[in-house]
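Enquirer: Before anything else, here's the structure in question.
There are 2 protein chains.
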Amino acid sequence: MEISPSMPIREPVEGIPGDRALGDLERLASVARYGIGETVYRFNDPSEYWFRILSGAARKSTLTGDGRRHIVDFILPGDMFGFDAAECRQFCVEAIAPGTLIARYPCRSAERLADSDPQIARIVREAAFESITRLQRRMVTLGRTSALEKVSTFLLEMADRYHTAATHTVLLPMSRYDIADYLAMAVETVSRTLTELRARHTIALGAVRQVRICNRGALEEVADRLTEPGSSAPRDLTRIASSPMPPAAKSPRGIHHQRCNDRWGR
Amino acid sequence: MEISPSMPIREPVEGIPGDRALGDLERLASVARYGIGETVYRFNDPSEYWFRILSGAARKSTLTGDGRRHIVDFILPGDMFGFDAAECRQFCVEAIAPGTLIARYPCRSAERLADSDPQIARIVREAAFESITRLQRRMVTLGRTSALEKVSTFLLEMADRYHTAATHTVLLPMSRYDIADYLAMAVETVSRTLTELRARHTIALGAVRQVRICNRGALEEVADRLTEPGSSAPRDLTRIASSPMPPAAKSPRGIHHQRCNDRWGR
DNA sequence: CGCGCCATTGACAGGTGTCAAGAAACGTGG
DNA sequence: CCACGTTTCTTGACACCTGTCAATGGCGCG
Chain S
5 MEISPSMPIR
15 EPVEGIPGDR
25 ALGDLERLAS
35 VARYGIGETV
45 YRFNDPSEYW
55 FRILSGAARK
65 STLTGDGRRH
75 IVDFILPGDM
85 FGFDAAECRQ
95 FCVEAIAPGT
105 LIARYPCRSA
115 ERLADSDPQI
125 ARIVREAAFE
135 SITRLQRRMV
145 TLGRTSALEK
155 VSTFLLEMAD
165 RYHTAATHTV
175 LLPMSRYDIA
185 DYLAMAVETV
195 SRTLTELRAR
205 HTIALGAVRQ
215 VRICNRGALE
225 EVADRLTEPG
235 SSAPRDLTRI
245 ASSPMPPAAK
255 SPRGIHHQRC
265 NDRWGR
Chain D
5 MEISPSMPIR
15 EPVEGIPGDR
25 ALGDLERLAS
35 VARYGIGETV
45 YRFNDPSEYW
55 FRILSGAARK
65 STLTGDGRRH
75 IVDFILPGDM
85 FGFDAAECRQ
95 FCVEAIAPGT
105 LIARYPCRSA
115 ERLADSDPQI
125 ARIVREAAFE
135 SITRLQRRMV
145 TLGRTSALEK
155 VSTFLLEMAD
165 RYHTAATHTV
175 LLPMSRYDIA
185 DYLAMAVETV
195 SRTLTELRAR
205 HTIALGAVRQ
215 VRICNRGALE
225 EVADRLTEPG
235 SSAPRDLTRI
245 ASSPMPPAAK
255 SPRGIHHQRC
265 NDRWGR
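Structure representation (structure tokens):
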């Protein structure tokens with residue numbers, strides 16, 4: 005029994021909302037609604053389902069031995085999740101927004117369907133690739149050393165994932181604690197950093213979780229780009245990489261050490 | 005031409021070494037040998053190939069705007085990589101061991117093959133799932149705050165990935181700088197931490213990159229587990245999670261704040 | 001209303017990045 | 001084989017950032 009015991013609704017599936025057409029895969033789905041904090045699956049549960057979130061939000065997290073929590077991923081509408089190579093769940097997933105809608109696909113049936121329908125197989129494959137892309141980009145975020153970088157990158161990520169170009173305002177579904185555990189820093193530092201960004205007039209805070217991006221340029225400046233791939237100037241990395249460590253303006257010396265292509269063409 | 009211009013060898017593919025049977029996929033492959041530092045693909049290259057590393061090692065990295073480097077993944081024998089959802093490469097991959105052998109599969113042909121052969125599709129899908137699993141586990145590593153935790157987790161990861169249970173000695177293919185950029189910390193700290201671990205007799209250093217794990221228990225203690233899923237005691241997370249923040253011995257208060265299932269069953 | 005949870009702010013110490021210097025390892029060429 | 005330059009690795013000193021502890025206010029909810 006891996007689904008929350010209190011899971012109330014089980015809608016007959018016809019016309020699942022969402023931006024991606026899953027074709028026959030939808031007929032395997034059952035949809036459930038989750039309240040805040042309700043568990044979608046637990047650590048060590050058997051990996052028997054794939055999931056897709058239709059509305060709301062969820063967090064995928066783990067607890068370390070000393071009782072600290074780390075959030076591996078925020079799951080937003082349209083995302084597929086639960087692609088685990090292992091037999092058992094390595095993480096647990098809980099809803100963080102009220103009335104979060106999640107579709108569930110039995111692995112085995114879905115696999116069988118994928119075996120018979122290349123179209124399905126392709127959809128699943130691409131969903132998995134998207135997960136990889138998201139995780140890798142997130143990796144870079146976590147790799148940032150300063151709190152300002154992390155939080156700025158996080159805000160940009162949320163803005164992008166919510167396609168909030170129009171109004172420039174994001175309504176964060178997660179608490180400061182969640183953000184802290186997501187960025188691997190203390191809550192207090194998250195709070196302080198947001199205050200700092202507000203003081204700089206880079207962002208404005210309406211309700212506590214309502215962030216308006218006043219100066220996206222400044223935010224990207226701090227976040228150091230790489231958050232969004234398709235931006236204007238892809239930045240010529242080869243130049244930076246191949247030159248023997250250029251001054252690079254006010255480079256904080258930082259984490260980069262070896263030039264990218266040493267011993268090139270040896 | 006995204007492959008290194010100096011790529012010397014192109015073996016006729018028959019009987020690619022490696023631990024996984026790729027079936028007909030192998031007929032699409034071309035294998036090349038790379039020297040240290042040679043580029044497999046670059047940032048912004050079109051994503052036209054999938055890859056599989058047969059021997060040696062490689063790093064997948066990115067450069068931030070201020071010239072720092074972050075290594076997203078170390079790629080070891082058996083790993084498939086290059087699964088990008090985007091049209092262009094978000095990262096660059098370079099060999100870090102001499103004579104690294106890498107097989108290359110054209111995406112389009114491979115996709116076509118996967119469409120016609122469910123077996124192939126399944127193999128690719130599972131390889132992608134494995135990437136996800138590895139990335140997620142790595143996420144947790146990066147989420148660690150202390151240098152000791154990070155380095156310990158890293159050493160355990162390398163030991164596991166090299167299946168080095170027998171001799172307890174790992175020969176790291178990467179430099180300290182690579183490790184630093186992988187763990188998002190300064191080289192000096194990596195060095196200091198290794199020295200510290202040696203002082204504790206947790207590890208021993210033969211050659212500089214030759215690490216012998218003297219006290220795996222201590223290493224796991226510091227790394228806080230979660231690095232390897234299938235260890236003896238999976239640690240009952242539910243207990244920790246559902247109780248209202250137990251004292252948890254000498255809990256450093258840390259990153260964990262909210263109990264896992266608040267408002268459970270609402 | 002009062003109890004949790006969430007969010008913010010302050011004070012402080014410890015850890016880690018930074019700068020600097022030197023030792024060790026490696027490859028190359030004499 | 002040795003000399004030499006380059007790269008890698010280590011160690012030290014110091015300042016700053018961020019985690020920790022503590023206290024307060026706001027907010028939702030029973």
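These protein sequence lines map, in sequence, to chains S and D. Here my numbering runs 4 ahead of the position in the first sequence, where the first position is 1. Here my numbering runs 4 ahead of the position in the second sequence, where the first position is 1. All residues carry an ideal CB built from backbone N, CA and C; glycine is no exception.
Within the same chain, show all residues whose beta-carbon is closer than 7 Å to that of ASN219 (chain S), passing over the 5 residues directly before and after it, in chain order.
Expert: On the first sequence, residue 219 (chain S) is found 215 positions in, with the first residue counted as 1. Taken in chain order, the residues that qualify are HIS205, THR206.
Enquirer: Contact criterion: CB-CB distance below 9 Å. Does LEU159 (chain S) meet it with respect to chain D?
Expert: On the first sequence, position 155 is the one that residue 159 (chain S) refers to. So no, LEU159 (chain S) is outside the interface.
Enquirer: Pull the bridge partners of ALA99 (chain S) from the DSSP assignment, please.
Expert: Locating residue 99 (chain S) in the first sequence gives position 95, counting from the first residue. ALA99 (chain S) pairs with S:ALA62.
Enquirer: Which residue comes first and which comes last in the beta strand (DSSP E) that contains TYR109 (chain S)?
Expert: Position 105 of the first sequence, counted from the start, is the residue given in the question as residue 109 (chain S). 104-110 is the extent of the beta strand (DSSP E) around TYR109 (chain S).
Enquirer: Name, in chain order, the residues that DSSP records as bridge partners for ARG216 (chain S).
Expert: Indexing the first sequence from 1 puts residue 216 (chain S) at position 212. Looking at the DSSP assignment, ARG216 (chain S) forms a beta bridge with S:THR173, S:ALA208.
Enquirer: Can you list, in chain order, the residues of its chain whose CB lies under 7 Å from that of PHE87 (chain S), leaving out five sequence neighbours each side?
Expert: As a working note, residue 87 (chain S) is residue 83 in the first sequence. Same-chain partners within the cutoff: TRP54, ALA132, SER135.
Enquirer: Can you list, in chain order, the residues of the segment 110-136 of chain S whose Cβ is nearer than 8 Å to any Cβ on chain D?
Expert: Correct list: GLU115, ALA118, ASP119, SER120, PRO122, ALA125, ARG126, VAL128, ARG129, GLU130, ALA132, PHE133, GLU134, SER135, ILE136.
Enquirer: Which residues mark the beginning and the end of the alpha helix (DSSP H) in which PHE133 (chain S) is found?
Expert: Mapped onto the first sequence, residue 133 (chain S) falls at position 129. PHE133 (chain S) -> alpha helix (DSSP H) spans 122-147.
Enquirer: When we look at the beta-carbon of SER235 (chain S) and count the other beta-carbons within 10 Å, is it buried (16 or more) or exposed?
Expert: Residue numbering aside, residue 235 (chain S) sits at position 231 when the first sequence is read from its first letter. Note that SER235 (chain S) scores a pLDDT of 34, beneath 50, so its modelled location is shaky; the value from the coordinates is reported in the next line. Its Cβ having fewer than 16 others within 10 Å, SER235 (chain S) is exposed.
Enquirer: With H, G and I counted as helix, E and B as strand and the rest as coil, what does DSSP make of TYR186 (chain D)?
Expert: Here residue 186 (chain D) is taken as the residue at index 182 of the second sequence, counted from 1. In the structure shown, TYR186 (chain D) sits in a helix (DSSP, three-state: H, G or I).
Enquirer: Measure the C-alpha to C-alpha separation of SER195 (chain D) and ASP185 (chain D) and round it to an integer number of angstroms.
Expert: For the purposes of this step, residue 195 (chain D) is taken as the residue at position 191 of the second sequence. For the purposes of this step, residue 185 (chain D) is taken as the residue at position 181 of the second sequence. Spanning the two alpha carbons is a distance of roughly 13 Å.
Enquirer: Just by C-beta distance, which residues in the segment 68-91 of chain D are closer than 8 Å to chain S?
Expert: Listed by position along the chain: THR68, GLY69, ASP70, GLY71, ARG72, ARG73, HIS74, VAL76, ASP77, PHE87, ASP88, ALA89, ALA90.
Enquirer: Which residues does DSSP list as the beta-bridge partners of PRO50 (chain S)?
Expert: The sequence position of residue 50 (chain S) within the first sequence is 46, counting from 1. Its beta-bridge partners are S:CYS92.
Enquirer: Under a three-way DSSP split, which group does ARG72 (chain S) fall into?
Expert: Within the first sequence, numbered from 1, the residue matching residue 72 (chain S) stands at position 68. Coil.
Enquirer: Applying the 10 Å Cβ sphere with the 16-neighbour rule, what's the burial state of GLY147 (chain S)?
Expert: Along the first sequence, one-based indexing puts residue 147 (chain S) at 143. GLY147 (chain S) should be labelled buried.
Enquirer: Measuring only between beta-carbons, confirm whether MET143 (chain D) sits less than 9 Å from chain S.
Expert: Position 139 of the second sequence, counted from the start, is the residue given in the question as residue 143 (chain D). MET143 (chain D) counts as touching chain S.
Enquirer: According to DSSP, is SER34 (chain D) helix, strand or coil?
Expert: Sequence index remark: in the second sequence, residue 34 (chain D) carries index 30 (1-based). Strand, per DSSP.
Enquirer: Helix, strand or coil: which one does DSSP assign to MET84 (chain S)?
Expert: Taking the first sequence and counting its residues from 1, one reaches residue 84 (chain S) at position 80. MET84 (chain S) falls in the strand class under three-state DSSP.
Enquirer: Taking the continuous alpha helix (DSSP H) assigned at THR197 (chain S), which residues delimit it?
Expert: Within the first sequence, the letter at position 193 stands for residue 197 (chain S). Segment 191-203, the alpha helix (DSSP H) holding THR197 (chain S).
Enquirer: Please check the pair TYR166 (chain D) and VAL174 (chain D), which I expect to be a contact at CB under 8 Å, by giving their CB distance rounded to whole angstroms.
Expert: For the purposes of this step, residue 166 (chain D) is identified with residue 162 of the second sequence, where counting begins at 1. For the purposes of this step, residue 174 (chain D) is identified with residue 170 of the second sequence, where counting begins at 1. With 8 Å as the limit, TYR166 (chain D) and VAL174 (chain D) qualify as a contact, their Cβ atoms being about 6 Å apart.
Enquirer: Would GLU200 (chain S) and LEU160 (chain S) qualify as a contact pair, given that the criterion is a beta-carbon distance under 9 Å?
Expert: Indexing the first sequence from 1 puts residue 200 (chain S) at position 196. Indexing the first sequence from 1 puts residue 160 (chain S) at position 156. No, Cβ-Cβ distance for GLU200 (chain S) and LEU160 (chain S) is not below 9 Å.
Enquirer: Name, please, each residue of chain S whose Cβ falls closer than 8 Å to the Cβ of PHE95 (chain D).
Expert: As a working note, residue 95 (chain D) is residue 91 in the second sequence. Neighbours of PHE95 (chain D) on chain S, chain order: GLN140.
Enquirer: To the nearest angstrom, report how far apart GLU224 (chain D) and THR171 (chain S) are at their CA atoms.
Expert: Residue numbering aside, residue 224 (chain D) sits at position 220 when the second sequence is read from its first letter. Residue numbering aside, residue 171 (chain S) sits at position 167 when the first sequence is read from its first letter. Answer to the nearest angstrom: the Cα atoms are 48 Å apart.
Enquirer: Check whether the Cβ of GLY27 (chain D) lies closer than 9 Å to any Cβ atom in chain S.
Expert: Start at 1 with the first residue of the second sequence, and residue 27 (chain D) comes out as number 23. Answer no: the Cβ-Cβ gap between GLY27 (chain D) and chain S never drops below 9 Å.
Enquirer: Ignore the nearest five residues each way along the sequence and tell me which others in LEU67 (chain S)'s own chain have a CB closer than 7 Å to its CB.
Expert: Locating residue 67 (chain S) in the first sequence gives position 63, where the first residue counts as 1. Closer than 7 Å at Cβ, skipping near neighbours: ARG73.
Enquirer: Alpha carbon to alpha carbon, how far is ARG108 (chain D) from PHE35 (chain D)? Give it in angstroms, no decimals.
Expert: Your numbering for residue 35 (chain D) matches position 31 in the second sequence. Your numbering for residue 108 (chain D) matches position 104 in the second sequence. The amino acid occupying residue 35 (chain D) in the given sequence is Val; Phe does not appear at that position. VAL35 (chain D) and ARG108 (chain D): Cα-Cα distance of roughly 6 Å.
Enquirer: Is THR149 (chain S) close to chain D? Criterion is C-beta to C-beta, closer than 9 Å.
Expert: The residue you call residue 149 (chain S) lines up with position 145 of the first sequence. Output row for THR149 (chain S): interface = yes.
Enquirer: Does the segment 45-60 of chain D come into contact with the segment 83-99 of chain D, if we say contact requires no fewer than three beta-carbon pairs (one atom in each stretch) closer than 8 Å?
Expert: Verdict: yes, contact present.
Enquirer: Cβ of MET189 (chain S) less than 9 Å from any chain D Cβ?
Expert: Numbered from its first residue, the first sequence carries residue 189 (chain S) at position 185. Chain D, which has a Cβ nearer than 9 Å to the Cβ of MET189 (chain S), makes this yes.
Enquirer: For ALA61 (chain S), tell me which candidate among S:GLY69, S:GLY39, S:PRO50 has the shortest Cα-Cα distance.
Expert: Position 57 of the first sequence, counting from 1, holds the residue named residue 61 (chain S). Answer by Cα proximity: S:GLY39.
Enquirer: Based on DSSP bridge pairs, tell me the residues matched to ILE79 (chain S).
Expert: As a working mapping, residue 79 (chain S) is identified with position 75 in the first sequence. Answer by DSSP bridge pairing, in chain order: S:ALA62.
Enquirer: From this set, D:ILE183, D:SER59, D:ILE217, D:PHE95, which residue's C-alpha is nearest LEU105 (chain D)'s C-alpha?
Expert: In the second sequence, counting from the first residue as 1, residue 105 (chain D) sits at position 101. For the residues D:ILE183, D:SER59, D:ILE217, D:PHE95, the minimum Cα distance to LEU105 (chain D) belongs to D:SER59.
Enquirer: Label ASP28 (chain D) either buried or exposed according to how many other C-beta atoms from any shown protein chain fall within 10 Å of its C-beta, with 16 as the threshold for buried.
Expert: Counting from one through the second sequence, the residue named residue 28 (chain D) turns up at place 24. Exposed is the call here.
Enquirer: Which residues in the same chain have their Cβ closer than 7 Å to the Cβ of ALA163 (chain S), if we skip the five residues on either side of it in sequence?
Expert: As a first step, residue 163 (chain S) is located in the first sequence; it is residue number 159 there, counting from the start. Contacts found: VAL174, ILE217.
Enquirer: Locate the beta strand (DSSP E) running through THR43 (chain D), then write down its first and last residues.
Expert: For the purposes of this step, residue 43 (chain D) is taken as residue 39 along the second sequence, with counting starting at 1. That run of the beta strand (DSSP E) goes 43-45.
Enquirer: State yes or no: is the C-beta of LEU139 (chain S) within less than 9 Å of the C-beta of GLN140 (chain D)?
Expert: Your numbering for residue 139 (chain S) matches position 135 in the first sequence. Your numbering for residue 140 (chain D) matches position 136 in the second sequence. For LEU139 (chain S) and GLN140 (chain D), yes; Cβs fall inside 9 Å.
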